[in-house]
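Chains A and B, in that order, give the protein sequences. Per the working numbering, the very first residue in the first sequence carries number 131; after that it's consecutive. Per the working numbering, the very first residue in the second sequence carries number 60; after that it's consecutive. In this text, a Cβ means the ideal position worked out from N, Cα and C, and glycines have one as well. All values reported here derive from a predicted model rather than from experimental measurement. Worksheet: the structure to be examined is printed underneath.
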Amino acid sequence: MDEVHTTKVVLLGRTGSGKTSLIVRYISSVFSENVKPTIGAAFSKKTVQLIHGEERKQVVLAIWDTAGDERYESMAPLYYRNSSAAIICFDLADRQSYNKVDFWVKELVEKVEQNCKLYICGTKTDLLAEYGGPLKRAVGPTEVMAYAKKLNAKFVETSSKSNYGIDDLFKLVAADFAGFTLCEAPPIEDSLRLQEPNQTDVNEKSSCCF
Amino acid sequence: RDRAAIVAKYDKGREEGAEIDPWEDADFFVYKVTDRYGFLHKEPLPKRTELEAKALLIERSREIKWLKMLKNWDKSLLSDKLRNRVYKGIPNSLRSQAWSQILRLDKIKLNKEGFYDQAKLLARRTSPDIRQIDLDVNRTYRNHIMFRDRYGIKQQALFHVLATYSMYNTEVGYCQGMSGIAALLLMYFNEEDAFWALSCLLSDRMHGMHGLFKPGFPKLLRLQEHHEKICKKLLTKLHKHLKKIEVDARIYSMKWFLQCFLDRLPFSLTLRVWDAFIFDGDRVPIAMAFLVIKLYKKQLSKMSFDEAMSHLQTMENHNFNDDEIMEMLQATMLELRRNGLDHPGPSQ
């Protein structure tokens, strides 16, 4: 039997930053045109299999999606309590959305007692001019990277529409949790390989919201 | 002779053997994927089952009774039959009239002529919630034929109802969750009536959704606390188990109370619960929340946190139809009343 670990991951970020779409893409492998505003929070989970040489580990990610509406911020502690990772999302084309990241970082640093790894996630790359989209990048990557470095956080960019960077983000979260180091170079035979559970694991995925 | 042939065709209707040219029957895809409530599905809908056909027939026969009741509304209000008929389901074709009468929209609108339009103009210029409302209109019931088209007529109405309300009730303003409720009302009301109905649900004593949405959600917290109290008293063992696996009412019941089970039940049942909610107010979601836990008592008592959470969301794997659930809901309301738990009482 592989070792199985469960870890709690929370998504935070300004309203409309794409938190729900990110999770729907990751859990159901689709880009949904019909994502509703999240009321309160939503729970879903997925198993990631990590393989490193002889070593195999399974990490179950218990993922909490939260509401972006500022009024629900008072509820957030219910969801980030005991989280080992927080993914703070912002819309790459929206400066205000980026400005909200710091709010969440400060809240987590101040209120979370356990060790909670921070991931800063710029969303909607498909909308950026550099990827053929209509919008301009509102925050330069160097600025975000410098900020992330200061916090000892990791910075990733994703597109739920084109499925860019999504799996990698959650694999990274799982690997960090399990103490695996991700290999930057393309995987070679005995270096770290990360793979998704195949179809037989379908019933291990579930998603819901409250 | 022509006349006789034409009349005969109408007598025969669409029964088997009827002669209908294909060109006479519009064959648009949208007809086949739209359900009776206006939701669009990916695949053409399956043919009506016998059970569904029978339910529709019963609904038709109820329409006649409802028309009579609506005509003599003041007398109907005094009758014992009304509540039972509400719980048996208001015929969908008369839902707008019935909801409007139950909420007394005509009374509320008295002497308010032109008010909505003026308030709307003001809101367009000054509502501080425009951005959030815009964001949410763009993602509210986009799978419904009324809200499908970006900036379509009903999206315009939804935008304006919410913006106007945000200025009308500045303590609540706009809060995520209200767009779904306003959209549901717009499925049955025109823009102005939807506004007054929303206002009614938030501010009247029976529904009091104001406290659900205002900053800090005081009423939500009160209802959740009350729900815990009910479970602790009437389902003590299960309540202990849920506590142990850390399944907290504050987490699973939020959407139940904030939107009275919108999106948490099949839409046909949601409407039935909303019929009851509009008629009886708060006591309905309180009883419904307890009923859900009761329904899944067995399963929940063996579940882990993850399983319980998923289960309480999808609410599948029970063998009851809408009618049976509504009967159980009524029985649960009585049970709670007998135990003095049907309502947490007024806020302090």
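>> I want to verify the contact list: residues of chain B whose CB lies under 7 Å from the CB of A:LYS291, in sequence order.
In response: On the first sequence, residue 291 of chain A is found 161 positions in, with the first residue counted as 1. Within chain B, no residue comes near A:LYS291; the closest Cβ sits about 14 Å away, beyond 7 Å.
> The beta strand (DSSP E) spanning A:CYS251 covers which residue range?
Replying inline: Residue 251 of chain A sits at position 121 when you count from the first residue of the first sequence. Its beta strand (DSSP E) spans residues 247-253.
> Taking the DSSP output, what are the residues bridged to A:GLU133?
Replying inline: Reading the first sequence from its first residue, position 3 is the one you call residue 133 of chain A. Per DSSP, the beta bridge partners of A:GLU133 are A:LYS187.
> What in chain B is Cβ-close to A:PHE310, meaning under 7 Å?
Replying inline: Along the first sequence, read from residue 1 onward, the residue named residue 310 of chain A stands at position 180. Neighbours of A:PHE310 on chain B: none; closest Cβ ~23 Å, over 7 Å.
> Alpha carbon to alpha carbon, how far is A:VAL231 from A:ASP298?
Replying inline: Mapped onto the first sequence, residue 231 of chain A falls at position 101. Mapped onto the first sequence, residue 298 of chain A falls at position 168. Inter-residue distance for A:VAL231 and A:ASP298 is about 21 Å (C-alpha atoms, whole angstroms).
> Since A:SER93 sits in a beta bridge, which residues does DSSP pair it with?
Replying inline: This structure cannot settle anything about residue 93 of chain A, because the visible part of chain A is limited to 131 through 340.
>> If we require 4 or more residues per run, which alpha helix (DSSP H) segments fall completely within the segment 137-201 of chain A?
In response: Entirely contained in the segment 137-201 of chain A, the alpha helix (DSSP H) runs reaching 4 residues are, in chain order, 149-158.
> Shorter than 9 Å from the beta carbon of A:ILE153 to some beta carbon of chain B?
Replying inline: The residue given as residue 153 of chain A occupies position 23 in the first sequence. Chain B, which has no Cβ nearer than 9 Å to the Cβ of A:ILE153, makes this no.
> Any idea if A:CYS339 is buried or exposed, counting beta-carbon neighbours within 10 angstroms, 16 or more meaning buried?
Replying inline: Looking up residue 339 of chain A in the first sequence gives position 209. Because A:CYS339 sits at a pLDDT of 41, beneath the cut-off of 50, its placement in the model cannot be relied upon, and the point is left open.
>> Please tell me whether B:LEU217 and B:ALA242 are closer than 9 Å, where the distance is taken between their beta carbons.
In response: Walking along the second sequence from the start, residue 217 of chain B turns up at place 158. Walking along the second sequence from the start, residue 242 of chain B turns up at place 183. In contact: B:LEU217 and B:ALA242 (Cβ atoms closer than 9 Å).
>> Here's the rule: buried if 16 or more other CB atoms are within 10 angstroms of the residue's CB, otherwise exposed. What is B:LYS213?
In response: Sequence index remark: in the second sequence, residue 213 of chain B carries index 154 (1-based). The residue is buried, with at least 16 neighbouring Cβ atoms inside 10 Å.
> In three-state DSSP terms, what is B:THR108?
Replying inline: On the second sequence, position 49 is the one that residue 108 of chain B refers to. Coil, per DSSP.
>> Just verifying my parser: in three-state terms, what is the DSSP assignment at B:THR93?
In response: Here residue 93 of chain B is taken as the residue at index 34 of the second sequence, counted from 1. Residue state, collapsed to three classes: strand.
>> For the alpha helix (DSSP H) containing A:PHE220, name the first residue and the last one.
In response: Taking the first residue of the first sequence as position 1, residue 220 of chain A is located at position 90. Premise fails: A:PHE220 lies in the beta strand (DSSP E), 215-221, not in any alpha helix (DSSP H).
>> Our contact map puts B:ASP342 next to B:ASP401 with C-beta atoms below 8 Å; I'd like the distance itself, whole angstroms only.
In response: The residue given as residue 342 of chain B occupies position 283 in the second sequence. The residue given as residue 401 of chain B occupies position 342 in the second sequence. In the sequence as presented, Asp is not what sits at residue 342 of chain B; that position holds Arg. Indeed, because the Cβ distance is near 5 Å, the residues count as touching under 8 Å.
> Terminal residues of the continuous alpha helix (DSSP H) containing B:MET401?
Replying inline: Along the second sequence, read from residue 1 onward, the residue named residue 401 of chain B stands at position 342. The sequence given here has Asp at residue 401 of chain B, not Met. It is not in any alpha helix (DSSP H) - B:ASP401 carries neither H nor E in the DSSP assignment.
> Any idea if B:GLN389 is buried or exposed, counting beta-carbon neighbours within 10 angstroms, 16 or more meaning buried?
Replying inline: Start at 1 with the first residue of the second sequence, and residue 389 of chain B comes out as number 330. Buried is the call here.
>> Measuring straight from C-alpha to C-alpha, what distance separates A:GLY146 and B:LEU194?
In response: Walking along the first sequence from the start, residue 146 of chain A turns up at place 16. Walking along the second sequence from the start, residue 194 of chain B turns up at place 135. Taking the straight line from one Cα to the other gives about 7 Å.
> Mind listing which residues of the segment 172-192 of chain A have their C-beta closer than 7 Å to chain B's C-betas, in chain order?
Replying inline: Those residues of the segment 172-192 of chain A that come within reach of chain B (Cβ to Cβ, closer than 7 Å) are PHE173, LYS175 and ALA192.
> For A:CYS338, which three-state DSSP category applies?
Replying inline: As a first step, residue 338 of chain A is located in the first sequence; it is residue number 208 there, counting from the start. Unreliable positioning characterises A:CYS338 in this predicted model, as indicated by a pLDDT of 45, which lies under 50. A coordinate reading is not provided.
> Counting along the chain, where does the alpha helix (DSSP H) carrying A:GLU240 start and finish?
Replying inline: Taking the first sequence and counting its residues from 1, the one referred to as residue 240 of chain A is at position 110. Where A:GLU240 is concerned, the enclosing alpha helix (DSSP H) stretches over 225-241.
> Looking at the structure shown, is B:PHE174 part of a helix, part of a strand, or coil, going by DSSP?
Replying inline: Taking the second sequence and counting its residues from 1, the one referred to as residue 174 of chain B is at position 115. It is helical.
> Whose Cβ in chain B lies nearer than 7 Å to the Cβ of A:SER204?
Replying inline: Here residue 204 of chain A corresponds to residue number 74 of the first sequence, with the count starting at 1. Counting only Cβ-Cβ distances below 7 Å, A:SER204 has contacts in chain B at GLY275, in chain order.
>> Quick check: A:LYS129 and A:VAL160, are their CB atoms within less than 9 Å of each other?
In response: Only positions 131 to 340 of chain A appear in this structure, which leaves residue 129 of chain A out of reach.
> For B:ARG309 and chain A, any beta-carbon pair shorter than 9 Å?
Replying inline: Residue mapping note: residue 309 of chain B aligns to position 250 of the second sequence, counting from 1. At least one chain A Cβ lies under 9 Å of B:ARG309.
> Under three-state DSSP, which class holds B:LEU169?
Replying inline: Residue mapping note: residue 169 of chain B aligns to position 110 of the second sequence, counting from 1. Judged by DSSP in its simplified three-state form, B:LEU169 adopts coil rather than helix or strand.
> Is it right to say A:GLN244 is buried, meaning 16 or more other beta carbons lie within 10 angstroms of its own, or is it exposed?
Replying inline: Here residue 244 of chain A corresponds to residue number 114 of the first sequence, with the count starting at 1. By the 16-neighbour rule on beta-carbons within 10 angstroms, A:GLN244 is exposed.
> Can you list the residues of chain B that A:THR145 reaches, using a CB-CB cut of under 8 Å?
Replying inline: To locate residue 145 of chain A, count along the first sequence from 1; it is residue 15. Residues of chain B passing the Cβ test: GLN191, LEU194 and GLN235.
>> Using a Cβ distance threshold of 8 Å, determine whether the segment 110-129 of chain B contacts the segment 149-160 of chain B, with at least three qualifying pairs required.
In response: Contact annotation: the segment 110-129 of chain B touches the segment 149-160 of chain B, with at least three C-beta pairs closer than 8 Å.
>> Rounded to the nearest angstrom, what separates B:ARG397 and B:ARG142 at their Cα positions?
In response: Within the second sequence, the letter at position 338 stands for residue 397 of chain B. Within the second sequence, the letter at position 83 stands for residue 142 of chain B. Rounded to the nearest angstrom, the two C-alpha atoms are 19 Å apart.
> Going by beta carbon distance, what residues of the same chain come within less than 6 Å of B:MET175, once the five residues before and after it are set aside?
Replying inline: If you number the second sequence from 1, residue 175 of chain B lands on position 116. Here the sequence assigns Tyr to residue 175 of chain B, which means Met is not the residue at that position. These residues qualify, in order along the chain: GLU251 and PHE254.
> What three-state label does DSSP hand A:LYS266 in the structure shown?
Replying inline: In the first sequence, counting from the first residue as 1, residue 266 of chain A sits at position 136. The answer is coil: DSSP assigns A:LYS266 none of H, G, I, E or B.
>> Please report the straight-line C-alpha distance between B:LEU244 and A:PRO207, rounded to a whole angstrom.
In response: What you label residue 244 of chain B is simply residue 185 of the second sequence in a count that begins at 1. What you label residue 207 of chain A is simply residue 77 of the first sequence in a count that begins at 1. Cα to Cα, the separation comes out at about 33 Å.
> Roughly how many angstroms lie between the CA atoms of B:THR461 and B:VAL220, to the nearest whole one?
Replying inline: With chain B covering 60 to 407 only, the question about residue 461 of chain B has no answer from this structure.
>> Taking the beta carbon of A:TYR249 as the centre, do at least 16 other beta carbons fall within 10 Å, making it buried, or is it exposed?
In response: Locating residue 249 of chain A in the first sequence gives position 119, where the first residue counts as 1. Classification for A:TYR249: buried.
> Who does A:LEU258 pair with in a DSSP beta bridge?
Replying inline: Residue mapping note: residue 258 of chain A aligns to position 128 of the first sequence, counting from 1. A:LEU258 pairs with A:LEU265.
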